[in-house]
Amino acid sequence: MNTPKNLKYSKTHEWVDVIDESNVKIGLTDFAQKKLGKLVFVNLPIVGDELEAGQAFGDVESVKAVSDVISPVDGTVTEVNEELLDSPGMINDNPYEAWLVKARVGAAVNGLMSAEDYGEFCAKEE
Amino acid sequence: MEKKTPLYDQHVKLGAKMVSFAGYSMPVQYTDIIEEHMAVRTKAGVFDVSHMGEIMISGVDALKNINYLFTNDFSSMTDGRVRYSPMCNPEGGVIDDLLIYRLNGDMYMVVVNASNREKDVDWMKGHISGQVKLEDISDSVAQIALQGPKSEDILAKLTGADSIPEKYYTFLDNCEVAGVKCIISQTGYTGEHGYELYCSSADAVRLWNALLEAGKEEGLIPCGLGARDTLRMEAAMPLYGHEMDDTVSPLETGLGFGVKMQKDDFIGKSALVTKGEPEITRVGLRVTGRGIVRERCDVFCGDEKIGQTTSGTFLPYLNGAYAMALVKKKYGGIGTAVTADVRGRRIDAEIVPLPFYKKS
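Put into C-alpha cells, the structure is as follows:
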C-alpha cells in the first residue's frame, strides 16, 4: 500500500494535502480505492459548497456499490477536479494525483493521522 | 452457520473476496468484477455455482406433477432437453424460476435458486400427488459454469466431442470431464456461449482445477458472483428477488414465453386468467444523465411515477450505466424519456430494447 509521508489521513480513508495554512487538496487513499474496486462514477460538489468535517461531500461508485466521500475538514470548495467526472478510473490508477476537491479552510487542519499512523490503522482494518 | 460449497478452499486459495449469499460463503470477485466480466465476453470464465439447488422429481406421475407445479409445458419435451419455467403461487406470483432437465420420461432434475431452495422444496412437497418422489440432492451435487466464447475449446481438451451438447438448452448425461463424471448442459446465465457442469460434490475440486488448468492458454479466469450479476444484467436475464418475486406475475416481468396458458390446469393459472393482460411490463433503461441507477429507484415520466428499477449498475461490456425496471405498460415504449430518483437526485434515462447485449 502506498502512503505518502507528506499527506494527512482520515479514518474514513481520505487524504489531505495541506498546500498552505488556508488551502488543502482532498482525495481518496490507495487503501480506499483498492477496497472499492474500479470506480465507474464520481459525484462531486460544486465550487462554493461548504464542507463539514465528518459529513459526506460526494460519492464514488464501483460496479458493486456506492460509497460516500467524507470531508476530513471544515471549509469551502474552491476547485473541483472535473477530469474525474469523465475518468473516475484515474482515482484507481493514481490515488494521490487524482484529487477530488481543493478547499479553503478557516482553521489549522487537525485531528488527522500521519502516514505512519494511517498505515497501522489500515493494517488493523484488513 | 454459514455453508460452504465444496470449492470454498479453492476460492480462498485464489484470493477471492468472500461474501455471504443465500446462506453460503461465496466468492464475489477474485481480482476485479470488470476484468472477470470482460473475460467471459471475450475469452472464458469459470464460476462456482454449487450453491444452486438440485431437486429430483421421479416416478410415473413425474410429468403430470411438473406440468401442474410449473407454468411451462413439458409434454413435448424429449430426453436431454432443458426447459426454463417460472413456478407460481395460486395468486399468480412467482415462487421461483427454475430449469427443468428431462433425464427420462419418469425422471427430471429441477435446478432452483439457492435463496429459494427450502421454500421450493416445501412448496413442491406440499403440492405433488400420485406416484411421484421428490428428493433434494443439492448437498451432494456441485455445479460449475464454464462460460465464454472459448468455453467449447476448453471443454474439448477435457472430454470427447460426443460429450459436448451441440444445441442451446440441451444436455448430455454420464459424461466424463477430466475423469470426473458429470452432466454437461449448454446453458448459462451470462448471455454468452457456455456450459454448466453438474458433478458429485466429492469431485468438484478435481473438476474445477482441471478446467482452470485447461483454460490457461485461452485466458480463462475464475469469476465471482459480482461478474455473474453484471453479465446476466447485460443479457437482461431476470433474477429472482429483483425482476420478480411472489407478488409479480411472470407475464408482468416478460416471462410469458415460459407460461403456457393453453395447457391443463397448473398452479396460478386461474389467477393469471383473471388478471388478464398485464398492466406493467419489464423494460430496459439506458442512463443518459450522470450517475449509476441501481435497484429500487422510482422511475418517472414527467411528474408521474411509472414504476421502479429492479436491477441496475454500470455494465462493463457496454461501458455505461443501465437498469431494468417494472413500469406501467402504457409508458413502456422504446425511446420514452424517463428519470430515475437516485438518493433524491433525478437522473435522465431512456427506455431501450432488451436485452442490452446479445452475443453475435
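Those sequence lines, one after another, are chains A and B. The opening residue of the first sequence carries number 293 in our numbering; numbering runs sequentially from there. The opening residue of the second sequence carries number 26 in our numbering; numbering runs sequentially from there. We put the CB at the ideal spot given by N, CA and C, even for glycine. Keep in mind the model is a prediction, meaning the values are calculated, not measured.
With contacts defined as CB atoms closer than 8 Å, A/L336 and A/V401 fail to qualify as a contacting pair. Contact check between the region 160 to 173 of chain B and the region 224 to 239 of chain B: three or more CB pairs, one atom from each, fall below 8 Å, which counts as touching. Restricting attention to B/E238, B/P111, B/D34, B/K38, the CA atom closest to the CA of B/L297 is found in B/P111.
In the three-state DSSP reduction, A/D322 falls in the helix class (H, G or I). Under the Cβ criterion of 8 Å, A/V401 is not counted among the residues facing chain B.
Counting the other Cβ atoms within 10 Å of the Cβ of B/A64 gives 16 or more, which makes it buried. Looking at the DSSP output, B/A374 bridges to B/V312, B/V363.
Between the region 43 to 57 of chain B and the region 98 to 108 of chain B there are fewer than three C-beta pairs closer than 8 Å, too few to call the two in contact. A/W391: not part of any beta strand (DSSP E); DSSP gives it neither H nor E. No Cβ of chain A is located within less than 8 Å of the beta carbon of B/T67. B/F72 sits close to B/R253, with the two beta carbons spaced by under 8 Å. Contact with chain B is found for A/G329, since one of that chain's Cβ atoms lies less than 8 Å from the residue's Cβ. The alpha-carbon separation between B/T361 and B/G216 amounts to approximately 25 Å.
Residue burial annotation: B/L276 is buried, with at least 16 other C-beta atoms found within 10 angstroms of its C-beta. The beta carbon of A/L404 sits closer than 8 Å to the beta carbons of K300, Y301, S302, V308, P364 from its chain, once the five residues preceding and following it are set aside; these are given in chain order. For B/A47, the three-state secondary structure derived from DSSP is coil. Among the residues facing chain A, B/D290 is not included, as its CB has no counterpart in that chain under 8 Å away. Within the DSSP secondary-structure output, B/A348 pairs in a beta bridge with B/L310, B/G337.
Runs of alpha helix (DSSP H) with 4 or more residues, each lying fully within the region 36 to 114 of chain B, are found at 58 to 67, 87 to 94, listed in chain order. Following the DSSP letters along the chain, one finds A/T370 inside the beta strand (DSSP E) bounded by residues 367 to 372.
At least one beta carbon of chain B lies nearer than 8 Å to the beta carbon of A/E353. Going by C-alpha positions, B/P190 is about 18 Å away from B/Y133.
Interface flag for A/N373 against chain B is unset, since no Cβ pair is found closer than 8 Å.
Chain order gives the chain A residues near B/I59 as K330, V355, where near means a beta carbon separation below 7 Å.
Here the C-alpha atom of A/K356 lies approximately 44 Å from the C-alpha atom of B/S154. DSSP places B/D145 in the uninterrupted alpha helix (DSSP H) bounded by 142 to 152. Not one beta carbon of chain A lies nearer than 8 Å to the beta carbon of B/G249.
Taken in chain order, the complete beta strand (DSSP E) segments of 3 residues or longer contained in the region 189 to 257 of chain B are 196 to 202, 205 to 210, 219 to 225. Close to B/T338, with beta-carbon spacing below 7 Å, are these residues of chain A in chain order: V355.
For B/D98, the closest alpha carbon among the candidates B/E27, B/K294, B/C326 is that of B/K294. Shown here for B/N138: same chain residues with a beta carbon closer than 6 Å to its own, the five before and five after excluded, namely D121, Y265 in chain order. Remark: C-beta atoms of B/T278 and B/L340 do not approach each other more closely than 8 Å.
Per DSSP, reduced to three states, the secondary structure at B/C326 is strand. Take A/K297, set aside five residues on each side of it, and the residues of its chain with a beta-carbon closer than 6 Å to its own are A407, in chain order. With three or more CB-CB distances shorter than 8 Å, the region 379 to 393 of chain A counts as touching the region 311 to 329 of chain A. The beta-carbon of A/N335 is placed less than 8 Å from the nearest beta-carbon of chain B.
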